[in-house]
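Since the structure comes first, as structure tokens, the remarks are kept for the end.
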Amino acid sequence: MLHVMRSGARSIPDEVMRAMFAARKEVFVDLLKWEVPVLAGAYEVDQFDDPHAHYIVLADRDGGHLGSARLLPTMRAHILDSLYPQLCEDTPPRGPDIFEVTRFCLDRSLSARERRQVRDTLVAALVEHALANAITGYSAIAEIGWLQQILAFGWRCRPLGLPRTIDGKMLGALGIRIDADTPRLLAEAGITALSDLVEGDRRVAA
Amino acid sequence: MQKMGQFLELLDRVATADDLTLAMVEICALLGFQHFALTHHVDLVRVSAPAIRLHNYPAEWAAFYDEQGLGVSDPVHRASHLTGKGFRWSRIGAMIPLTAFDRRMLDLGRAQGIGDGFTVPANVPGEARGSCSFANATDLPLPEAMLLAAQLADTFDFESARRLWSVRTPHTGKCKPLTDRQRDCVLWAARGKGDWEVSRILNLSEETVAGHIKQACERYGVNKRTSLIIRTLFDGTPTFSDILRR
């Protein structure tokens, strides 16, 4: 089941949000060892998790977390301009129609095959969300190994600056352009949403 | 970086392998390298699956490389399986143990005029691993200041090549996925169990287990269970952690 939440239209059930914050702690803190705040020893929540953030969450029928992503409006403080401006050669992309994709999170309990399906569905959902909400571009920060995968999704990507080694990790910033042609580019690269995952009680905030 | 932007625009428009080769020659010059090589690490002579290779190495060196079937055992390629970041060839000895043949090969490369190089691994899950390298002549040092730009250029080059050769992830390809039972049998076989042991573990008859393995082999078009295990690991049907977990 696909849940989408935009600012001012909180429609994702609390238990789905809670499962997402717990899954983020398992992935980003326990697995990837990021130094980010943890609430009550179980939930990864930072200063950008505010009412302005959009969330896209894939959950199973019981509300269990499968995958999620957080979108931050670039007109407000976001990760690229607040924490990693050095990754951009010019000023970080900023505009009412540009959002930063952060905390792209695939649940640790998934098998390899499920991971790929959830990943593809989440990427397709990001594009659909952009088209439905007049978003024309995403920015994102990725570790260099991930970068090749992000390019392989087939959408139009541009580096925003040279990669840099920060705290032992090589990071790069990307700009992704979204337009009516993007779904076709994704499909050509083999990225399609698994309909089982998005059907059902579908909530898209108005 | 601005020139790099122009280069990436160019990459978007490449329609043939020749276009990409020309673009690579251009980026080489821009970054201060003489040679490039872009490859998928399969043995190009023996494997019929779509594979990628573009380079502008001296012809004699390329011919020798192919004759020796080096695509698989090349120390540069082996090292690139261990890291996600670019590395310089002079560091390979510290990354992987080098055999006498590896050292001889690196010496031969130098004798052909190829000095130090910089390789960026390219790994898209479910596909053969690849890499993109830039190298210079023996008497020319690597352009230090350009290595980060090379890292980025290589990543985009490789994606351009993937698109050109239409390399697709296997789940969209022709191989039908295994059934749950077939997958369970392959998983236990990969953990080193024989048919009889698997039959006890999964509570099936030994013939049924043998049948599942045989059908799984047919789906992948292979004859031996070793090949089957490698192929399923490759596309993530079981992962290394599934196999090693007890």
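Here the protein sequences come in this chain order: A and B.
Okay, so the first sequence: first residue is 1 according to my numbering, each after it adds one.
Okay, so the second sequence: first residue is 207 according to my numbering, each after it adds one.
Glycine is no exception: its CB is placed at the ideal position from the N, C-alpha and C atoms.
Predicted model only: the values in this text are computed from it and were never measured.
Buried/exposed call for S447 (chain B), threshold 16 Cβ in 10 Å: By one-based count along the second sequence, residue 447 (chain B) stands at place 241. Counting Cβ neighbours within 10 Å, S447 (chain B) comes out exposed, since fewer than 16 surround it.
If you reduce the DSSP assignment to three classes, tell me which class F324 (chain B) lands in. Here residue 324 (chain B) refers to the residue found at position 118 when the second sequence is read from its first residue. F324 (chain B): strand per DSSP, three-state reduction.
Interface residues of chain A facing A367 (chain B) [CB-CB closer than 9 Å]: Taking the second sequence and counting its residues from 1, one reaches residue 367 (chain B) at position 161. When 9 Å is used as the limit between beta carbons, A367 (chain B) is near no residue of chain A, the shortest such separation being about 11 Å.
I need the straight-line Cα distance from V16 (chain A) to S139 (chain A), nearest angstrom please. Position 16 of the first sequence, counted from the first residue, corresponds to residue 16 (chain A). Position 139 of the first sequence, counted from the first residue, corresponds to residue 139 (chain A). Cα-Cα distance, rounded: 25 Å.
Closest to L122 (chain A) by CA distance: which of A:P159, A:A134, A:I191 and A:I178 is it? As a working note, residue 122 (chain A) is residue 122 in the first sequence. Here the closest residue by C-alpha is A:I191.
For A355 (chain B), which residues in chain A fall below 8 Å Cβ to Cβ? What you label residue 355 (chain B) is simply residue 149 of the second sequence in a count that begins at 1. Neighbours of A355 (chain B) on chain A, chain order: L162.
Could you spell out where the alpha helix (DSSP H) holding K420 (chain B) opens and where it closes? Position 214 of the second sequence holds residue 420 (chain B). First-last of the alpha helix (DSSP H) with K420 (chain B): E412 to Y426.
Quick one: is F307 (chain B) buried, meaning 16 or more other Cβ sit within 10 Å of its Cβ, or exposed? Sequence index remark: in the second sequence, residue 307 (chain B) carries index 101 (1-based). Around the Cβ of F307 (chain B), a 10 Å sphere holds fewer than 16 other Cβ atoms; the residue is exposed.
Beta-carbon separation of V392 (chain B) and T445 (chain B) under 9 Å? Counting from 1 along the second sequence, the entry for residue 392 (chain B) is found at position 186. Counting from 1 along the second sequence, the entry for residue 445 (chain B) is found at position 239. No Cβ-Cβ contact shorter than 9 Å links V392 (chain B) with T445 (chain B).
Below 8 Å CB to CB, which residues in the same chain sit around I449 (chain B) once its five sequence neighbours on both sides are set aside? If you number the second sequence from 1, residue 449 (chain B) lands on position 243. If we look at I449 (chain B) and ignore the five residues flanking it on each side, its Cβ neighbours are L393, A396, R397 and L439.
Among the candidates A:I141, A:S111 and A:I150, whose CA atom is the shortest distance from the CA of A124 (chain A)? Within the first sequence, residue 124 (chain A) is the residue found at index 124, counting from 1. Taking only the C-alpha atoms, the option nearest A124 (chain A) is A:I150.
Any C-beta of chain B sitting closer than 9 Å to the C-beta of L2 (chain A)? The count along the first sequence starts at 1 and reaches residue 2 (chain A) at position 2. No, its Cβ sits nowhere closer than 9 Å to a Cβ of chain B.
Contact residues within the region 87-113 of chain A, judged by C-beta distance below 7 Å to chain B: Listed by position along the chain: E89, A112 and R113.
Span separating the alpha-carbon of E35 (chain A) from that of V29 (chain A): In the first sequence, residue 35 (chain A) corresponds to position 35, counting from 1. In the first sequence, residue 29 (chain A) corresponds to position 29, counting from 1. Rounded to whole angstroms, the separation of the alpha carbons of V29 (chain A) and E35 (chain A) is 7 Å.
Flag this pair as yes or no: are the beta carbons of A69 (chain A) and R103 (chain A) separated by less than 9 Å? Sequence index remark: in the first sequence, residue 69 (chain A) carries index 69 (1-based). Sequence index remark: in the first sequence, residue 103 (chain A) carries index 103 (1-based). Yes, they are a contact pair.
Between A341 (chain B) and F242 (chain B), what straight-line distance do the alpha-carbon atoms span, to the nearest angstrom? Numbered from its first residue, the second sequence carries residue 341 (chain B) at position 135. Numbered from its first residue, the second sequence carries residue 242 (chain B) at position 36. About 6 Å.
What is the rounded straight-line gap between the Cα of M352 (chain B) and the Cα of E114 (chain A)? The residue labelled residue 352 (chain B) in the question sits at position 146 within the second sequence. The residue labelled residue 114 (chain A) in the question sits at position 114 within the first sequence. Going by the C-alpha atoms only, they are around 39 Å apart.
Grouping DSSP H, G and I as helix and E and B as strand, with all else coil, what is I176 (chain A)? By one-based count along the first sequence, residue 176 (chain A) stands at place 176. Note: I176 (chain A) maps to strand in three-state DSSP.
Starting from T165 (chain A), trace the beta strand (DSSP E) both ways and give me its first and last residue. What you label residue 165 (chain A) is simply residue 165 of the first sequence in a count that begins at 1. It spans R164 to I166 - the beta strand (DSSP E) in which T165 (chain A) sits, taken as one unbroken run.
If we ignore side chains and look at the alpha-carbon of each, how far apart do C423 (chain B) and L434 (chain B) end up? The residue you call residue 423 (chain B) lines up with position 217 of the second sequence. The residue you call residue 434 (chain B) lines up with position 228 of the second sequence. When rounded, the separation of the alpha-carbon atoms in C423 (chain B) and L434 (chain B) is 6 Å.
Pair within 9 Å by beta-carbon distance, I135 (chain A) and I98 (chain A): Numbered from 1 along the first sequence, position 135 holds the residue referred to as residue 135 (chain A). Numbered from 1 along the first sequence, position 98 holds the residue referred to as residue 98 (chain A). Result yes, Cβ atoms of I135 (chain A) and I98 (chain A) sit closer than 9 Å.
According to DSSP, is E100 (chain A) helix, strand or coil? As a working note, residue 100 (chain A) is residue 100 in the first sequence. The answer is strand: DSSP assigns E100 (chain A) an E or B state.
How many whole angstroms separate the CB atoms of I176 (chain A) and R156 (chain A), which I take to be in contact at a CB cut-off of 8 Å? Position 176 of the first sequence, counted from the first residue, corresponds to residue 176 (chain A). Position 156 of the first sequence, counted from the first residue, corresponds to residue 156 (chain A). With 8 Å as the limit, I176 (chain A) and R156 (chain A) qualify as a contact, their Cβ atoms being about 7 Å apart.
Nearest neighbour of D130 (chain A), chosen from A:V57, A:T182, A:P51 and A:D50 [CA to CA]: Position 130 of the first sequence, counted from the first residue, corresponds to residue 130 (chain A). Per the sequence presented here, residue 130 (chain A) reads as Ala, with Asp not at that position. Comparing Cα positions, the closest option is A:T182.
What does the Cβ neighbour count give for A207 (chain B), buried or exposed, with the cut at 16 atoms within 10 Å? Here residue 207 (chain B) is taken as the residue at index 1 of the second sequence, counted from 1. Here the sequence assigns Met to residue 207 (chain B), which means Ala is not the residue at that position. By the neighbour-count rule (16 or more Cβ atoms within 10 Å), M207 (chain B) is not buried but exposed.
With burial defined as no fewer than 16 other Cβ atoms inside 10 Å of the residue's Cβ, what is the status of W295 (chain B): buried or exposed? Reading the second sequence from its first residue, position 89 is the one you call residue 295 (chain B). Buried, by the Cβ-count rule.
Residues of chain B with CB under 9 Å from L126 (chain A), in chain order? Working through the first sequence from its first residue, we reach residue 126 (chain A) at position 126. What L126 (chain A) touches in chain B: nothing, since even the nearest Cβ is about 18 Å away.
Would DSSP call P159 (chain A) helix, strand or coil? Taking the first residue of the first sequence as 1, we reach residue 159 (chain A) at position 159. Under the three-state reduction of DSSP output, P159 (chain A) falls in the strand class.
So, does the CB of A189 (chain A) fall closer than 9 Å to a CB anywhere in chain B? In the first sequence, residue 189 (chain A) corresponds to position 189, counting from 1. Yes, A189 (chain A) lies at the interface with chain B (some Cβ there is under 9 Å from its Cβ).
In or out: R24 (chain A) buried (at least 16 other Cβ within 10 Å) or exposed? As a first step, residue 24 (chain A) must be located in the first sequence, where it is residue number 24. The residue is buried, with at least 16 neighbouring Cβ atoms inside 10 Å.
Alpha carbons only, please: which of A:R76, A:S11 and A:F21 is nearest the one belonging to Y43 (chain A)? In the first sequence, counting from the first residue as 1, residue 43 (chain A) sits at position 43. Among A:R76, A:S11 and A:F21, the Cα nearest to that of Y43 (chain A) belongs to A:F21.
Under 7 Å from the C-beta of V330 (chain B): neighbouring residues of chain A: If you number the second sequence from 1, residue 330 (chain B) lands on position 124. Here the neighbours are Q148, Q149 and A152.
In terms of alpha-carbon separation, which member of B:L346, B:F362, B:D313 and B:Q318 lies closest to S337 (chain B)? If you number the second sequence from 1, residue 337 (chain B) lands on position 131. It is B:F362 whose Cα lies nearest to the Cα of S337 (chain B).
Going along the chain, which unbroken runs of the alpha helix (DSSP H) with 4 or more residues stay wholly within the region 9-59 of chain A? The qualifying runs are 14-24.
Looking at P73 (chain A): is its Cβ nearer than 9 Å to the Cβ of P93 (chain A)? Here residue 73 (chain A) refers to the residue found at position 73 of the first sequence. Here residue 93 (chain A) refers to the residue found at position 93 of the first sequence. No, Cβ-Cβ distance for P73 (chain A) and P93 (chain A) is not below 9 Å.
When you compare only the Cα positions, how much space is there between S366 (chain B) and D120 (chain A)? One-based indexing of the second sequence puts residue 366 (chain B) at position 160. One-based indexing of the first sequence puts residue 120 (chain A) at position 120. Approximately 20 Å between the Cα atoms of the pair.
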